[in-house]
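S.K.: Note that the numbering used here gives residue 42 to position 42 of the sequence shown, counting from 1, and the numbers run on in steps of one.
Glycine included, every Cβ here is placed at the ideal spot set by N, Cα and C.
There's a structure below that I have some questions on.
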Amino acid sequence: MTLQLRVYVPEHPLIQHWLGVARDQDTPAVLFKSAMTELGRWLTYEASRQWLPVEEVTVQTPLALCPAKLINPTVPMAVIPILRAGLALLDGAQTLLPLANTYHLGMARNEDTLEASCYLNKLPEAFAPETRILLLDPMLATGGSMMSALAEVVARGGDPAQIRIVSVVAAPPALQKLSQAYPALNVYTAMIDETLNEQGYIVPGLGDAGDRAFGT
Ligand code: PRP
Ligand code: URA
């Protein structure tokens with residue numbers, strides 16, 4: 001069986017609403033941040049289907065013994081926000097994954113060459129192979145930043161089949177790169193936009209996500 005990158009665009013009205021709010025250039029920074037938190041929450045909810053480790057147990061209700069499924073706390077979980085903009089999705093993701101460790105990765109894209117470089121790496125030395133890994137970055141444009149992040153994660157034992165990417169807007173060049181390099185990946189995004197402009201911005205996109213989230 002040949003693996004192929006799976007890209008999910010959940011048709012949920014809350015996701016569509018908060019994407020519309022985030023895209024609007026008149027949305028103030030404080031509301032933009034709320035929109036990112038909500039998108040982080042609902043896209044993580046979608047991404048966690050058939051991915052969160054569950055254990056089958058028996059619980060005693062007040063009336064009888066009953067089979068139950070609980071999140072298995074022995075399987076490690078990691079959330080990796082790609083700074084800066086990925087931080088804006090973190091609060092929403094963390095509300096759903098309170099047991100996950102958070103590992104920060106700082107990536108900056110050179111405005112002229114569009115190449116990404118890593119300026120902060122708080123990843124552990126190694127991931128256990130069963131670790132569920134959630135990578136957060138609202139923008140997948142050329143894909144350079146996510147490809148660099150994945151190289152760091154996979155070099156430390158991260159299994160692409162256990163990695164979920166949550167983004168807000170994804171562009172075809174990024175999805176093509178990810179598909180070629182990591183066909184076992186699953187990507188969750190609020191929208192796939194058409195194209196990039198000459199400066200490497202996604203069109204229509206939502207502008208510079210980091211600048212809009214942090215007002216800098
Ligand atoms: C933005 C964005 C992504 C990256 C996407 O980060 O948050 O990480 O660009 O572009 P790419 O797919 O072409 O690599 P940026 O480097 O602007 O840093 P910031 O998050 O600190 O604003
Ligand atoms: N980074 C952003 O913040 N926005 C884009 O459209 C592309 C890269």
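Does ligand 2 have even one heavy atom less than 7 angstroms from the beta-carbon of Q205?
M.R.: Within the sequence shown, residue 205 is the residue found at index 205, counting from 1. In the sequence as displayed, the identity of residue 205 is Gly instead of Gln. Checking every heavy atom of ligand 2 against the Cβ of G205, one is found closer than 7 angstroms.
S.K.: Whole angstroms is fine: what's the gap from L52's alpha carbon to V166's?
M.R.: Reading the sequence shown from its first residue, position 52 is the one you call residue 52. Reading the sequence shown from its first residue, position 166 is the one you call residue 166. The alpha-carbon atoms of L52 and V166 are separated by roughly 15 angstroms.
S.K.: Looking at the strands, I want to know which residues DSSP matches up with G106.
M.R.: Looking up residue 106 in the sequence shown gives position 106. Looking at the DSSP assignment, G106 forms a beta bridge with L83, L120.
S.K.: Measure how close the beta-carbons of V168 and T189 come, nearest whole angstrom, since I'm counting them as under 8 angstroms.
M.R.: Position 168 of the sequence shown, counted from the first residue, corresponds to residue 168. Position 189 of the sequence shown, counted from the first residue, corresponds to residue 189. Indeed, because the Cβ distance is near 7 angstroms, the residues count as touching under 8 angstroms.
S.K.: Using a Cβ-Cβ cutoff of less than 7 angstroms, which residues in the same chain neighbour F32 once the five nearest sequence positions on both sides are dropped?
M.R.: The residue given as residue 32 occupies position 32 in the sequence shown. Around F32: A22, R212, A213.
S.K.: Residues with a Cβ closer than 7 angstroms to any heavy atom of ligand 1, in chain order?
M.R.: The set of residues with any CB-heavy atom separation to ligand 1 below 7 angstroms comprises, in chain order, I82, L83, R84, A85, G86, M107, A108, R109, L114, A116, D137, P138, M139, L140, A141, T142, G143, G144, S145, M146, A174, G200, D208, A209, G210, D211.
S.K.: Is L43 helix, strand or coil by DSSP?
M.R.: Taking the sequence shown and counting its residues from 1, the one referred to as residue 43 is at position 43. Correct three-state label for L43: helix.
S.K.: Counting pairs of Cβ atoms below 8 angstroms between the segment 110 to 122 and the segment 4 to 24, do you hit three or more?
M.R.: They do not touch, by the three-pair rule.
S.K.: Exposed or buried, which one is T37 when buried takes at least 16 other CB atoms within 10 Å?
M.R.: Taking the first residue of the sequence shown as position 1, residue 37 is located at position 37. Label assigned to T37: buried.
S.K.: Skipping 5 residues on each side, what residues in its chain have a beta carbon closer than 8 angstroms to that of T95?
M.R.: Numbered from its first residue, the sequence shown carries residue 95 at position 95. Sequence-distant Cβ neighbours of T95 in its own chain, meaning closer than 8 angstroms and more than five residues away, are R41.
S.K.: Using beta-carbon positions only, say whether A78 and A100 come within less than 8 angstroms of one another.
M.R.: Taking the sequence shown and counting its residues from 1, the one referred to as residue 78 is at position 78. Taking the sequence shown and counting its residues from 1, the one referred to as residue 100 is at position 100. Contact: yes.
S.K.: What are the start and end residues of each continuous alpha helix (DSSP H) run of 4 or more residues lying completely inside the segment 172 to 216, in chain order?
M.R.: Uninterrupted alpha helix (DSSP H) stretches at least 4 residues long and entirely within the segment 172 to 216 occur at 172 to 181, 209 to 214, given in chain order.
S.K.: Per DSSP, which one or two residues make a beta bridge with S167?
M.R.: The sequence position of residue 167 within the sequence shown is 167, counting from 1. Looking at the DSSP assignment, S167 forms a beta bridge with T189.
S.K.: Between the segment 60 to 72 and the segment 183 to 200, do at least 3 Cβ pairs fall closer than 8 angstroms?
M.R.: no
S.K.: Opposite R132 in the DSSP bridges: which residues?
M.R.: On the sequence shown, residue 132 is found 132 positions in, with the first residue counted as 1. DSSP lists M77 as partners of R132.
S.K.: Does the Cβ of I202 lie closer than 7 angstroms to at least one heavy atom of ligand 2?
M.R.: Against the sequence shown, residue 202 aligns to sequence position 202. It does: the Cβ of I202 is within 7 angstroms (strictly closer) of some heavy atom of ligand 2.
S.K.: Please classify R6: does DSSP put it in a helix, a strand, or coil?
M.R.: On the sequence shown, residue 6 is found 6 positions in, with the first residue counted as 1. Note: R6 maps to strand in three-state DSSP.
S.K.: Of the choices A126, E194, E46, whose alpha-carbon is the least far from that of G205?
M.R.: Within the sequence shown, the letter at position 205 stands for residue 205. Of the candidates A126, E194, E46, the one whose C-alpha sits nearest the C-alpha of G205 is E194.
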